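First to last, the sequence lines map onto chains P and H. Residues in the first sequence are numbered consecutively from 193, following the working numbering. Residues in the second sequence are numbered consecutively from 193, following the working numbering. Down below is the structure, laid out as structure tokens.
There are 2 protein chains.
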Amino acid sequence: MKIVVLKFGGTSVGTTDKIKNVANIVHDYIKKKYKAIVVSSAMSGVTNKLINKSKEISNNFSNSEYDVLVSSGEQVACSLIAGRLIHKGLKSRSWLAWQIPILTNGPFKYSRINKINKKKILNYLKGGGIPIITGFQGLNEDLRITTLGRGGSDASAIMLAKFFNAEKCVIYTDVQGVYTTDPNKLIKAKKIKTISYEEMLEMASLGAKVMQPISIQDARLNRVDIEVKSSFLKKKGTLITKRSNITSNKIITGITSTQNDAKVTLVGVKDKPGVAASIFKPLSKNLINVDMVVQNISANGNETDLTFTVKSEDLNRTKKIILENKKIKFRNLLFDKNVSKISIIGVGMVTTPGVTFRMFQSLANKKINIQVISTSEIKISVLIDKKNVNKALKILHKEFTLDK
Amino acid sequence: MKIVVLKFGGTSVGTTDKIKNVANIVHDYIKKKYKAIVVSSAMSGVTNKLINKSKEISNNFSNSEYDVLVSSGEQVACSLIAGRLIHKGLKSRSWLAWQIPILTNGPFKYSRINKINKKKILNYLKGGGIPIITGFQGLNEDLRITTLGRGGSDASAIMLAKFFNAEKCVIYTDVQGVYTTDPNKLIKAKKIKTISYEEMLEMASLGAKVMQPISIQDARLNRVDIEVKSSFLKKKGTLITKRSNITSNKIITGITSTQNDAKVTLVGVKDKPGVAASIFKPLSKNLINVDMVVQNISANGNETDLTFTVKSEDLNRTKKIILENKKIKFRNLLFDKNVSKISIIGVGMVTTPGVTFRMFQSLANKKINIQVISTSEIKISVLIDKKNVNKALKILHKEFTLDK
Numbered sequence: 193m194k195i196v197v198l199k200f201g202g203t204s205v206g207t208t209d210k211i212k213n214v215a216n217i218v219h220d221y222i223k224k225k226y227k228a229i230v231v232s233s234a235m236s237g238v239t240n241k242l243i244n245k246s247k248e249i250s251n252n253f254s255n256s257e258y259d260v261l262v263s264s265g266e267q268v269a270c271s272l273i274a275g276r277l278i279h280k281g282l283k284s285r286s287w288l289a290w291q292i293p294i295l296t297n298g299p300f301k302y303s304r305i306n307k308i309n310k311k312k313i314l315n316y317l318k319g320g321g322i323p324i325i326t327g328f329q330g331l332n333e334d335l336r337i338t339t340l341g342r343g344g345s346d347a348s349a350i351m352l353a354k355f356f357n358a359e360k361c362v363i364y365t366d367v368q369g370v371y372t373t374d375p376n377k378l379i380k381a382k383k384i385k386t387i388s389y390e391e392m393l394e395m396a397s398l399g400a401k402v403m404q405p406i407s408i409q410d411a412r413l414n415r416v417d418i419e420v421k422s423s424f425l426k427k428k429g430t431l432i433t434k435r436s437n438i439t440s441n442k443i444i445t446g447i448t449s450t451q452n453d454a455k456v457t458l459v460g461v462k463d464k465p466g467v468a469a470s471i472f473k474p475l476s477k478n479l480i481n482v483d484m485v486v487q488n489i490s491a492n493g494n495e496t497d498l499t500f501t502v503k504s505e506d507l508n509r510t511k512k513i514i515l516e517n518k519k520i521k522f523r524n525l526l527f528d529k530n531v532s533k534i535s536i537i538g539v540g541m542v543t544t545p546g547v548t549f550r551m552f553q554s555l556a557n558k559k560i561n562i563q564v565i566s567t568s569e570i571k572i573s574v575l576i577d578k579k580n581v582n583k584a585l586k587i588l589h590k591e592f593t594l595d596k
Numbered sequence: 193m194k195i196v197v198l199k200f201g202g203t204s205v206g207t208t209d210k211i212k213n214v215a216n217i218v219h220d221y222i223k224k225k226y227k228a229i230v231v232s233s234a235m236s237g238v239t240n241k242l243i244n245k246s247k248e249i250s251n252n253f254s255n256s257e258y259d260v261l262v263s264s265g266e267q268v269a270c271s272l273i274a275g276r277l278i279h280k281g282l283k284s285r286s287w288l289a290w291q292i293p294i295l296t297n298g299p300f301k302y303s304r305i306n307k308i309n310k311k312k313i314l315n316y317l318k319g320g321g322i323p324i325i326t327g328f329q330g331l332n333e334d335l336r337i338t339t340l341g342r343g344g345s346d347a348s349a350i351m352l353a354k355f356f357n358a359e360k361c362v363i364y365t366d367v368q369g370v371y372t373t374d375p376n377k378l379i380k381a382k383k384i385k386t387i388s389y390e391e392m393l394e395m396a397s398l399g400a401k402v403m404q405p406i407s408i409q410d411a412r413l414n415r416v417d418i419e420v421k422s423s424f425l426k427k428k429g430t431l432i433t434k435r436s437n438i439t440s441n442k443i444i445t446g447i448t449s450t451q452n453d454a455k456v457t458l459v460g461v462k463d464k465p466g467v468a469a470s471i472f473k474p475l476s477k478n479l480i481n482v483d484m485v486v487q488n489i490s491a492n493g494n495e496t497d498l499t500f501t502v503k504s505e506d507l508n509r510t511k512k513i514i515l516e517n518k519k520i521k522f523r524n525l526l527f528d529k530n531v532s533k534i535s536i537i538g539v540g541m542v543t544t545p546g547v548t549f550r551m552f553q554s555l556a557n558k559k560i561n562i563q564v565i566s567t568s569e570i571k572i573s574v575l576i577d578k579k580n581v582n583k584a585l586k587i588l589h590k591e592f593t594l595d596k
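Here you go:
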């Protein structure tokens, strides 16, 4: 069987007209002799409305009941898609996760799929049926409904593609694919044809909102190729696959920028072993993620300046924790929310020397000051003044020939 | 165990504030050492919105997917009620019909409960839990979701009361109980304390909208006592029970009137055997229900006038069927939509002679003409001019001392 998993996001099933369009897309695959497994999210807006109701009921709404509540949204979308396919004369039905079942473990609200019982769906596919499966949810060993957290429907699609050994897993969404950088910020941004899991993971973690990092990691671990494309336009999307499938000669695949970083500087910290740990340990305990870090070499040998970034929403808590910690000695404490992290991402940089230099030189040429730097094997991030973001994106996009 | 089944209708759970109120009602029973089994409908308006979506998808939406679609509404309401009880520090959880399971047979959209697996719920009750069960739905032998048709949540409550041998089955709704007649038409209408299944069945069939006739029939067949009461006011409601539990000395329990009857008269029909059948057979075939019938004795021995009533919405089809049927000979065909059926209902009339006379005399005293009559053991219905409805209700309500 030539199986394809087709996943539709909330905006793709946002109205009954859009659901009719989804049925047409599915029908096209059937005409091409594919066996289609369809996965759907809830109609856009529905999940948020349900969450708001739960907040009205309790400021500490039960996680197990939360899962029962929000999982109803996918049930509605799936029955409507199946209803439309039946209307078109096709054999289809909704399959709620518990009917298959899709088994999960872990806590309510943040469960993970650990097994999918294939038997019923395989029989149904063999009989010419098109199963419409509720994304985002599963069943735990107590036979209670669970949900998979943010991006959960993508996780459902990826695990279905894995268990059914699908030829393709197509994620239909409201964008045309993954872009070299945010098209809203740079008009010259280009759609990427293929991107490796690792690059996509960095892109997603650094601000590209097409998929959740956890879903990309799921795809990477399970070696599931994913095509991200628009459900509204008949255009090729972006293929997310393993590195060895990629033949691009580009050094850099994409550039991202963030909006919600904040810089913290402790001026005149005593420069002795363990001082950085004494600052970062209480932050970590409070689940505040420290991202970029730089420590200046001390001029006089016993004092140093320590700079790091946190998410803007954690800034007030960070301030409080540092000021309340009597063990930390420093002369001054500075904050800056007017910063942005610009990152260039590409597996090509592993084998290409001089990428860092080209990045820094390009920015220097435009008088853009680099405040903090962090790097990984396939990414270089720099912290710059927020007002220079668009200029930086433009110059780097050109420098690494992403315009072409 | 002292078990009580508490069923809440759509208006009783129509907002999150109303759901908080429902949780308080449930809590009151727990304080009185009851084990409460809660059954809920969908929040008011939700089911209709879902049905509208299905109509947008297809003018012939699949019945099996319809059941998946609309059953989501009760799932939402139950998770919110359970969430609120948990918030109040009580042990509670939603139980979806398939989790128990509540087993049904019959077709999708019109299934009937045939078995309830008691084990899990009994264990849960013994452990001090308050189960919140989705009304209106069940599971068929193919493990697909089914729904029970109109008034289905009442059916769920009644069957749960039966299977768990509940002491009480309380139907919480937006009215205070069953009234001697419609309080919107007669200000002197009184709440009935107790009413027999049979009387309630006639009342419901004849226009009292508190419960669906099928649910009352379910209660009667399973000997489940039902209390109908308001979820908004702390007042006693109406108990629906078997005749032998009723000590009232009233001859008549209630009076109903209809708004949607239409009268059809065939003037000058040939008076020979089989003529009535030749008229009613094609109507029956077309699922048109003929209600009251009267045939005048023919004056000259070979012609008669035949009068009957149908629902107003069936009038045009009735006309068409009669006119198209060449076998039916008559001189003239008359229609009248300005009619209403007034019924007096009471088990007391079985043992009390002269009830019919008193009814007819009261109406005659007020110059209200009776057009057609039909009777059963516990009911007398008359067809009158619609303009006289309120006058007739008032005089009959007084005649049979329902004002007291």
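For glycine and all other residues, C-beta sits at the position ideal for the given N, C-alpha and C. On a predicted model such as this, the values are computed, not experimentally measured, just so you know.
Check: Can a CB atom of chain P be found closer than 8 Å to the CB of Ala274 (chain H)?; Outcome: yes
Check: For Asn315 (chain H) and Ile363 (chain H), what's the separation of their Cα atoms in angstroms?; Outcome: 24 Å
Check: Tell me whether the region 206 to 223 of chain H and the region 238 to 253 of chain P touch, counting them as touching only if at least three CB pairs, one residue from each stretch, are closer than 8 Å.; Outcome: yes
Check: Counting C-beta neighbours from all protein chains within 10 Å, is the total for Ile243 (chain H) 16 or more, i.e. buried, or is it exposed?; Outcome: exposed
Check: Does the region 320 to 331 of chain P touch the region 343 to 352 of chain P, meaning 3 or more C-beta pairs lie closer than 8 Å?; Outcome: yes
Check: Let me check understanding here. Comparing Cα to Cα, which of P:Arg509, P:Asn582, P:Lys434 lies closest to Val456 (chain P)?; Outcome: P:Arg509
Check: Rounded to the nearest angstrom, what separates Ser254 (chain H) and Val268 (chain P) at their Cα positions?; Outcome: 13 Å
Check: Quick one: what's got a C-beta closer than 6 Å to Met342 (chain P)'s C-beta in the same chain, skipping five residues either side?; Outcome: Reading off the sequence shown, one finds Arg at residue 342 (chain P), where the question assumed Met. The answer, listed in chain order, is Gln404.
Check: Determine the DSSP secondary structure at Thr234 (chain H), reduced to helix, strand or coil.; Outcome: In the sequence as presented, Thr is not what sits at residue 234 (chain H); that position holds Ala. It is coil, neither helix nor strand.
Check: Mind reading off the beta-carbon distance from Leu458 (chain H) to Asp497 (chain H)? Whole number of angstroms is fine, and I expect it under 8 Å.; Outcome: 7 Å
Check: Per DSSP, which residues does Cys361 (chain P) bridge with? Please list them.; Outcome: P:Val197, P:Ile418
Check: Are the region 388 to 403 of chain P and the region 417 to 435 of chain P touching, with three or more C-beta to C-beta distances below 8 Å?; Outcome: yes
Check: Is Glu569 (chain H) buried or exposed, if buried means 16 or more other CB atoms sit within 10 Å of its CB?; Outcome: exposed
Check: Please compile the residues from chain P whose C-beta is within a distance smaller than 7 Å of the C-beta of Leu335 (chain H).; Outcome: Gln291
Check: Roughly how far, in whole angstroms, is the beta-carbon of Ser423 (chain P) from the beta-carbon of Phe200 (chain P), given that I think they are within contact range, below 8 Å?; Outcome: 6 Å
Check: Any idea if Glu419 (chain P) is buried or exposed, counting beta-carbon neighbours within 10 angstroms, 16 or more meaning buried?; Outcome: buried
Check: Can you round the beta-carbon distance between Ile536 (chain H) and Ile438 (chain H) to whole angstroms, since I take them to be within the 8 Å contact cut?; Outcome: That pair is no contact at about 17 Å.
Check: Output yes if chain C places a C-beta closer than 8 Å to the C-beta of Ser254 (chain H); else output no.; Outcome: Structure shown: chain C not included; protein chains present are P and H.
Check: Quick one: measure Cβ to Cβ for Ile322 (chain H) and Leu282 (chain H), integer angstroms, because I've assumed they're closer than 8 Å.; Outcome: 6 Å
Check: Compare the C-beta of Val238 (chain H) against all C-beta atoms of chain P and say whether one is closer than 8 Å.; Outcome: no
Check: Is the CB of Ile249 (chain H) under 8 Å away from at least one CB in chain P?; Outcome: yes
Check: Alpha carbon to alpha carbon, how far is Thr339 (chain P) from Asp417 (chain H)?; Outcome: 40 Å
Check: Grouping DSSP H, G and I as helix and E and B as strand, with all else coil, what is Pro323 (chain H)?; Outcome: strand
Check: With a threshold of 8 Å between beta carbons, is Ser286 (chain P) in contact with chain H?; Outcome: yes
Check: Grouping DSSP H, G and I as helix and E and B as strand, with all else coil, what is Ser254 (chain H)?; Outcome: coil
Check: If Asn517 (chain P) and Pro465 (chain P) are in contact, beta carbons under 8 Å, what's the gap, nearest whole angstrom?; Outcome: Not quite, the Cβ-Cβ distance comes to about 18 Å (not below 8 Å), so this is no contact.
Check: Ser504 (chain P) to Tyr221 (chain P), Cα distance in whole Å?; Outcome: 45 Å
Check: Nearest-angstrom Cα distance between Val542 (chain P) and Asp595 (chain P)?; Outcome: 22 Å
Check: If you measure beta-carbon to beta-carbon, which residues of the region 310 to 333 of chain P are closer than 8 Å to chain H?; Outcome: none
Check: Counting C-beta neighbours from all protein chains within 10 Å, is the total for Ala396 (chain P) 16 or more, i.e. buried, or is it exposed?; Outcome: buried
Check: For Ile211 (chain P), which residues in chain H fall below 8 Å Cβ to Cβ?; Outcome: Ile249
Check: Give a yes or no on whether the C-beta atoms belonging to Thr450 (chain P) and Val402 (chain P) are separated by under 8 Å.; Outcome: no
Check: In the region 451 to 483 of chain H, which residues sit with their C-beta less than 9 Å from some C-beta in chain P, listed in chain order?; Outcome: none
Check: So which of P:Phe592, P:Phe300, P:Thr203, P:Leu507 has the shortest CA-CA distance to Phe549 (chain P)?; Outcome: P:Phe592
Check: Let me make sure I understand the geometry here. Which of P:Val231, P:Tyr258, P:His279 has the alpha-carbon closest to that of Cys270 (chain P)?; Outcome: P:Val231
Check: Measure the beta-carbon distance from Val547 (chain P) to Ile562 (chain P) and round it to whole angstroms, keeping in mind my assumption that it falls under 8 Å.; Outcome: Between Ile562 (chain P) and Val547 (chain P) the Cβ distance is about 15 Å, and since that is not below 8 Å, they are no contact.
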